[in-house]
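K.L.:
Per this note's numbering, the very first residue in the sequence shown carries number 62; after that it's consecutive.
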Amino acid sequence: GMESRPVTDPRLQKMLLPDKELIAGAAEASRDFALACPTGAKLVNKKRVWGGARQDDSTDEKRPKKEDASSSTYTVKALPTLQTVVGKVDSGKPVETFWLLLNDRETDRVLEAFSQMETVLLSLLRKAPSAEDVLAEKGLQCLRELRRASVQEEEPSPYNKLLALLRDEFSGGPKSAFWNRIISDAELHKGLISCEETEESEVGEADAVAFLRLGAATPPPVAAAALVDDDEEFDDLE
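1. Is it buried or exposed for A192, if we count other Cβ within 10 angstroms and need 16 for buried?
2. Please report the distance separating the alpha-carbon of L201 from that of L186.
3. Would DSSP call N221 helix, strand or coil?
4. With DSSP collapsed to three states, give me the class of R72.
5. L253 to L224, Cα distance in whole Å?
6. In whole angstroms, give me the CA-to-CA distance for A210 and V181.
7. In terms of residues, what are the limits of the alpha helix (DSSP H) holding F272?
8. Under the three-state reduction of DSSP, which class applies to K236: helix, strand or coil?
9. Report yes if the CB atom of E215 is closer than 9 Å to the CB atom of T259, and no otherwise.
10. Which of the three DSSP states, helix, strand or coil, is assigned to K251?
11. Within 10 Å of its beta-carbon, does T168 have 16 or more other beta-carbons around it, so buried, or fewer, so exposed?
12. Distance check for D80 and A90, CA to CA, integer angstroms please.
13. May I ask you to report which of helix, strand or coil DSSP gives A90?
14. Which whole-angstrom value describes the C-beta separation of F159 and V171, a residue pair presumed to lie in contact below a C-beta threshold of 8 Å?
15. Confirm, please, whether the CB-CB distance from L227 to F239 is below 9 Å.
16. Taking only the alpha-carbon atoms, compute the straight-line gap between R208 and V156 and give it to the nearest angstrom.
17. Is the beta carbon of A174 closer than 9 Å to that of L183?
18. Can you tell me the Cα-Cα spacing of E263 and E179, whole angstroms?
19. Locate the alpha helix (DSSP H) running through E261, then write down its first and last residues.
20. Here's the rule I'm using: 16 or more other beta-carbon atoms within 10 Å means buried, otherwise exposed. How should P217 be labelled?
21. Locate the alpha helix (DSSP H) running through E193, then write down its first and last residues.
22. Where does the unbroken alpha helix (DSSP H) through R187 begin, and where does it stop?
23. In or out: D268 buried (at least 16 other Cβ within 10 Å) or exposed?
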């Protein structure tokens with residue numbers, strides 16, 4: 062007679078045959094998904110509005126308002142522009158706070174930032190026991206940032222006056238190593254801010270560099286003209 066087939070282990074049978082309850086649940090979930098995400102829905106281009114470009118919903122008559130919560134369109138609210146408010150250049154983080162003060166969007170604080178940065182870097186250089194000290198390095202970094210900002214803002218006079226002060230104080234005596242670091246620095250060796258860098262300067266490029274080599278001598282006439290106060294210039298015009 063015919064040989065009887067071996068009985069399949071129930072555990073294997075459960076793995077091989079589909080679970081009716083699982084399939085039924087999957088079918089129901091698929092229907093719910095199809096209703097929630099219809100493939101024929103019209104795509105809507107949604108744009109974010111930032112900062113000053115924000116429009117007030119109450120005054121925008123051109124944009125239709127959708128009251129239906131199930132609608133596929135919605136209004137994106139503008140995110141507020143975050144800005145750190147800085148009161149002064151902090152000696153702990155002078156570079157970071159200097160640029161935050163310089164870029165104040167509410168008030169023009171450029172000259173205020175320059176003045177405070179000058180105070181901080183002079184304090185650092187004067188406190189540094191040597192030209193290789195961490196305080197000296199920090200002070201030189203401040204001087205580099207001040208020079209960059211002076212060119213960017215086209216305000217060369219404060220920096221040029223400061224460099225003349227630094228030359229008088231550090232180019233001779235026990236602190237001469239500080240001046241040597243300035244004149245050999247990759248950025249500060251340019252000397253005074255010249256008319257090649259900003260039209261607001263009256264210092265020629267050659268004189269700007271020569272100024273560093275003059276030691277404690279009087280600044281050249283061309284450089285001196287650039288260091289004249291604005292008030293004195295207006296007095297000459299009267």
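All residues carry an ideal CB built from backbone N, CA and C; glycine is no exception.
P.N.:
Quick look at the numbers:
1. buried
2. Whole-angstrom Cα-Cα distance: 8 Å.
3. It is helical.
4. Assignment of R72 by DSSP, reduced to helix, strand and coil, places it in the helix class.
5. 7 Å
6. 16 Å
7. It is not in any alpha helix (DSSP H) - F272 carries neither H nor E in the DSSP assignment.
8. helix
9. yes
10. helix
11. exposed
12. 16 Å
13. helix
14. Not quite, the Cβ-Cβ distance comes to about 11 Å (not below 8 Å), so this is no contact.
15. yes
16. Counting only the Cα atoms, V156 lies some 12 Å from R208.
17. no
18. If you draw a straight line from the Cα of E263 to the Cα of E179, it comes to about 22 Å.
19. E261 -> no alpha helix (DSSP H), and no H or E assigned at all.
20. Using a 10 angstroms sphere on the CB of P217, the tally of other CB atoms reaches 16 or more, which defines it as buried.
21. Premise fails: E193 is in no alpha helix (DSSP H) and is neither H nor E.
22. V171 to K188
23. With 16 or more Cβ atoms within 10 Å of its Cβ, D268 is classed as buried.
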